[in-house]
Amino acid sequence: MLVVKKFGGSSVADKERILNVAKRCAEDFQKGNEVVVVLSAMGKTTDGLISQALEFTPTPKKREMDMLLATGEQVSVAMMAIALGSMGIPAISLNAFQVAMHTTSEYSNARFKRIDTERIHHELDAGKIVIVTGFQGINKYDDLTTLGRGGSDTTAVALAAALHADACEIYTDVEGVYTADPRIVPNARKLKEITYDEMLELATLGAKVLHNRSVEMAKKYGVQLVVRSSLNTAEGTVVKEETKVERMLVSGVASDKNTARIAIIGVKDEPGVAFRIFQLLAKANISVDIILQSIGRNGTKDISFTVAKTDLHDALKVLEENNARIGAEKVEADENVAKVSVVGAGMQTNAGVASDMFEALYNVGVNIRMIATSDIRITVLINEADVDKAVKAVHDKFMPDNAMFS
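Dropping the structure here:
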């Protein structure tokens, strides 16, 4: 049996936790399994490296940031190999170049193109645990690239798919996927299983337990995921195509504070305006979420949308540099906003979810600024200061204490 096991930064934050992870990997290995381990950087290493770079300039080149940040995972995989060696377990650490893990050329947000599995199979055949750097790859120029925050999840899924692994286990500091962030909602419940589609929506909308691109890839290649804690042996949450239990109306509530609202005021009310705006943003690799267009008046209209707060500076720069094409009277930005979303496959066949959600927000005095929907989710934009009480209110509305959970 070939198992891919991914451990996040908090799971390898210090010597004690590295030894804990090494012990768990050794147990699987000693059962006769082939084990591939994917690691994130230790603890707050990535944040620390970013802070150091920003001491020189607020806008460091993305290529050099990828060179810098890729060192974090290289440290953790080497440490893990050393720890396993101290236990008498044969292990080898490999970085993205040694594997090799080929990506697109987009620095800081690259995507996998293919993975060469020959080196990994060679080391597995030699009877070793193979420990691979998460979060990183190499592009056609042989430069190191990174996959964006949370990219180690995507590395694990990509390896599981390429190696045709029998299992892909994602270990975190929580015991699985919860109906809401337990740090915000103390009575949040752990789900026994959840569909790829539901997990993808939750991950995209702010749930930090899995990287959204890892879920997207798992669905595409049929990789069944298990999310569980690295700190205990509790059963986790299975992420797969279909769940055995009847679909709940709402599977989870997510929030995202990494959100900013941009309003483009007074553009011409004519065909092609929206196309020009969003084409420019797309070319700059800026993703847009909620979009609201006002009814035309006096030959003009307003277009509002949300972007990640980390993309706000670049988005405003693109719009400013191209305003001759856009023709806006002015552009406004607001960083003091956040998204709150409910997600559930059961919403497809049940009316009244939006009404219930809006009632819950009304009852705690939360104003809704924008709304977006899909078949299995409803997202609202609210003031950032209201996020925690909004999440608690919506969770209590759809998941009372007497609800059935595994």
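Position 72, counted from 1, in the sequence shown is what the numbering used here calls 118; the numbers after and before it change by one each time, with no gaps. Glycine is no exception: its CB is placed at the ideal position from the N, C-alpha and C atoms. Remember, predicted model here, so these are calculated numbers, not experimental data.
- Beta-bridge pairing of residue 160 - partner residues as DSSP gives them: 148
- Query: Which residue spans inside the segment 325-354 form an unbroken beta strand (DSSP E) run of at least 3?
  - Reply: 337-339, 346-353
- Message: Could you compute how far the alpha carbon of residue 165 sits from the alpha carbon of residue 67?
- Response: Cα-Cα distance, rounded: 23 Å.
- If you draw a straight line from the alpha carbon of residue 438 to that of residue 415, how long is it in whole angstroms? About 19 Å.
- Message: Just list the residues that DSSP pairs residue 190 with in beta bridges.
- Response: 184
- Check each candidate in 406, 361, 249 and name the one with the smallest Cα separation from residue 263. Answer by Cα proximity: 249.
- Task: Evaluate residue 76 with the Cβ neighbour count: other Cβ atoms within 10 Å of its Cβ, from every protein chain shown; 16 or more gives buried, anything less gives exposed.
- Result: exposed
- Message: By the DSSP assignment, the beta strand (DSSP E) with residue 416 in it spans what residues?
- Response: 416-420
- Message: Measuring alpha carbon to alpha carbon, tell me which residue in 372, 302, 307 is nearest residue 323.
- Response: Of the candidates 372, 302, 307, the one whose C-alpha sits nearest the C-alpha of residue 323 is 372.
- residue 82 and residue 176: beta carbons closer than 8 Å? Here residue 82 is near residue 176, since their CB atoms are less than 8 Å apart.
- Residue span of the beta strand (DSSP E) that contains residue 371, given as start and end: No beta strand (DSSP E) contains residue 371, which is instead part of the alpha helix (DSSP H) from 369-372.
- Item | Helix, strand or coil at residue 128 according to DSSP, with G and I counted as helix | helix
- Roughly how many angstroms separate the alpha carbons of residue 162 and residue 189, rounded to a whole number? 16 Å
- Message: In chain order, what are the residue ranges of uninterrupted beta strand (DSSP E) at least 3 long that sit wholly in the segment 164-248?
- Response: 175-179, 182-184, 190-192, 213-218, 239-241
- Item | Best match in 119, 401, 338, 69 for proximity to residue 133 [C-alpha to C-alpha] | Minimum Cα distance to residue 133 is reached at 69.
- Item | With 16 other Cβ atoms within 10 Å as the buried cut-off, status of residue 321 | exposed
- Query: How is residue 434 classed by DSSP in three states: helix, strand or coil?
  - Reply: Here residue 434 sits in helix by DSSP.
- Query: Cα-Cα, which of 386, 342, 327, 325 is closest to residue 252?
  - Reply: 386
- Compute the Euclidean distance between the alpha carbons of residue 319 and residue 379, then round it to the nearest angstrom. Using only the alpha carbons, I get a separation of about 19 Å.
- Item | Terminal residues of the beta strand (DSSP E) in which residue 102 lies | Segment: none, residue 102 is in no beta strand (DSSP E) and carries neither H nor E.
- Message: Would the segment 294-310 count as touching the segment 419-439 if we require 3 or more Cβ pairs under 8 Å?
- Response: In short, these stretches touch, since the Cβ pair count reaches three.
- Item | Same chain only: Cβ atoms within 7 Å of residue 64, ignoring 5 sequence neighbours per side | 58, 125, 126, 129
- Task: Would you check if the segment 270-283 and the segment 353-360 touch, i.e. whether three or more CB-CB distances between them fall below 8 Å?
- Result: no
- Among the residues of its own chain, which have a CB less than 7 Å from the CB of residue 449, if the five just before and after it don't count? With a pLDDT of 44 at residue 449, under the threshold of 50, the modelled position of this residue cannot be trusted; read the value that follows with caution. In the same chain as residue 449, and ignoring 5 residues on each side of it, no C-beta atom comes closer than 7 Å to its own.
- Task: Give me the Cα-Cα distance between residue 444 and residue 298, rounded to the nearest whole angstrom.
- Result: 9 Å
- Item | For residue 413 and residue 121, the rounded distance between their alpha carbons | 46 Å
- Message: I'd like to confirm the pairing. Which residues does DSSP put opposite residue 307 in its beta bridges?
- Response: According to DSSP, residue 307 bridges with 352, 380.
- Local conformation of residue 264 per DSSP, three classes: Helix, per DSSP.
- Message: Which of the three DSSP states is assigned to residue 392 in this structure?
- Response: helix
- Query: If you draw a straight line from the C-alpha of residue 403 to the C-alpha of residue 440, how long is it?
  - Reply: 6 Å
- Query: Three or more C-beta pairs closer than 8 Å, one from the segment 180-187 and one from the segment 139-150: is that the case here?
  - Reply: Verdict: yes, contact present.
- Give the single residue among 314, 326, 377, 362 whose Cα lies nearest to the Cα of residue 347. 314
- Query: What is the DSSP secondary structure of residue 135, reduced to helix, strand or coil?
  - Reply: Coil, per DSSP.
- Can you have a look at residue 267 and say buried or exposed, based on whether 16 or more other CB atoms are within 10 angstroms of its CB? exposed
- Nearest candidate by alpha-carbon position, reference residue 139, set 245, 338, 336, 174: 174
- Item | Collapsed DSSP secondary structure at residue 282 in the structure displayed | coil
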